[in-house]
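Here the sequence shown is numbered in the working numbering, starting from 56 and rising by one per residue. A virtual CB, placed ideally from N, CA and C, is assigned to each residue, including glycine. Here the structure is a predicted model, which means the values were calculated and not measured. One structure below.
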Amino acid sequence: MLVNRFEGKEMAVPTLEEKPCTELKAYPVTVVPCSEVNASPLDSAPEVPPKKGRGNPLFAKRNKVLAIATAAILFLGGGSIGAIQWLAYLSAHQETDDAYVTGHLHQISSRIDGTVEQVLIDDNQHVKEGQVIAVLDPRDYQVKVNQAKAALDSAKRQANSAFTSINLASTTAQGNELTANGAVEDARASIAKAEAAVQESLAQVEHSKDDLVGKQAEMERAKLDYQRFDDLAKDEAVSQQQADNAKRDFIVAEKARDMAQKQITQANAQYLQALETVKKTKAQLIQTQGQVKLAKASQVQTEVNSKNYDVANAAIEEATAKLQEAELNLSYTTIVAPTTGRIGKKSVEVGQHVQPGQPLVTLVSDDLWVVANFKETQLEKMRPHQEVELKVDSFPGHVFKGTVDSVAPGSGSSFAVLPSDNATGNFTKIVQRVPVKVVFDKASLGMYSDLLVPGMSVIVEVQVQNHKKA
């Protein structure tokens, strides 16, 4: 006889044969020998023969207990496996709902002041890069372009005139210098020739003087002979013919002396003339040397003209720069989209007078991404290029794909206008959040590419390990 303790009750369980208690340990019930159980009122009850087979109620109850125990074991085992897999999934993924869509917001403004003539876009319109957004009145800037062109033409004409003056002055100066140098050489040659003539005439004077001395001596001799023969002829010591011959010789010698005196006078005149020629040629040399200096001075004028040409070229460059500036300002009258995107905010109207830097349109580029603010405790295994699942609150039925682009170099509070300072006062540790940039997979955008806008809330789940959800 055995006692079954089940659900806090005790009941006698008759057996057909005695079995050791150890054989009953496989059952999820506590079985002890009857000898170890205190006597109870059931012991005095009359014994009823048990039914054999499945009709025995004790057999059915035992099967029920076995089924419940087996189910409990399977449930606990399956739950443990599921819990392990879930923990493994959590360790391979990091999730946050502190995320939002963002992108480049371009504040389009005018670079010049003017009056708006045309507005070619509407609110929320999609525009392409280079598409005209607005047009300012271009007439004032067209006038400035025309003025700049006229100034440039004037500067070019002045430069051409200066260049012509350079060539003319240079050619004239070179010609004058060559002429003056030639005149100097001629003057020097004339001086040399005149000085040679002076020397020659001086020699002629000396020769004439020597000749005069000879002629004078010969005349004196002839005179003495004539006087002697004349006296002898009077005394009839010699013939009259001899006296006449002596007289003739005297006359010839006298004429020769006179001729020698004339030659001296002529030689002196030639000498004086040669000296005058030398003086004149020296004066001419000085004059031609002055012409050389004047020609060199003309070269200085050429240099001055060259500098004027440089100034004219500088004026051309300045006029060109002003023309480019005027044309650039004229081009600024046409305001275009700097990139492809959608018009987010339009604050420009026809007839409005705008100033440089005044915002006219806010353009949201098509290049959008997600900024997810993860806790610093979630970043241990987070790296660029990891796969990301994104669920935008506006589109709960679609899961976007993406990748981690980069992790910010500081927490959100580090870039605040007034960053926190924990060096003084009481310190309370707060888990910091670090922005993580997540870029969309273009293939996963589908029809939502035109529906995503900056500011939408996103749930971001990053796969930090190569582990897939079971």
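About 16 Å separates the CB atoms of I398 and S165; that is not less than 8 Å, and the two are not in contact. Annotated three-state conformation of R194 is helix, per DSSP. For the 8 Å CB-CB criterion, S220 and N368 do not form a contact.
Sequence-distant Cβ neighbours of Q316 in its own chain, meaning closer than 7 Å and more than five residues away, are L267. In this structure, DSSP gives L378 a helical state, which the three-state scheme calls helix.
When secondary structure is reduced to three states using DSSP, K270 falls in the helix class.
Excluding sequence positions up to five before and after D496, its CB lies within less than 8 Å of the CB of F455, K456, G457 and T458, all in the same chain and listed in chain order. Within the segment 370–435, not a single complete alpha helix (DSSP H) segment reaches 4 residues in length. Within a 10 Å sphere around the beta-carbon of A376 sit fewer than 16 other beta-carbons, which makes this residue exposed. The bridge partners DSSP lists for V174 are A189. Across the set S256, R243, L131 and A471, the C-alpha of R243 shows the shortest separation from the C-alpha of L340. Secondary structure note for S499: its alpha helix (DSSP H) is the uninterrupted segment K497 to L500. Under DSSP, T458 forms a beta bridge with E442 and V494. About 4 Å separates the CB atoms of T343 and V239; that is less than 8 Å, so the two are in contact. Inter-residue distance for D265 and K310 is about 16 Å (C-alpha atoms, whole angstroms).
Using a Cβ distance threshold of 8 Å, L445 and V489 do not count as a contacting pair. Taking a contact to require three or more Cβ pairs closer than 8 Å, the segment 162–176 and the segment 409–428 qualify as touching. Remark: three or more beta-carbon pairs, one from each stretch, lie closer than 8 Å, so the segment 301–309 and the segment 274–292 are flagged as touching. Per DSSP, reduced to three states, the secondary structure at H262 is helical.
When the beta-carbon positions are compared, V443 and V515 come within less than 8 Å of each other. In the displayed model, G169 falls within a strand according to three-state DSSP. DSSP lists V426 and S512 as the bridge partner or partners of Y155. Per DSSP, reduced to three states, the secondary structure at L507 is coil, with no helix or strand assignment. R303 counts as exposed, since fewer than 16 other C-beta atoms from the protein chains shown sit within 10 angstroms of its C-beta. Taking 8 Å as the cut-off, the Cβ atoms of E382 and V187 do not count as close.
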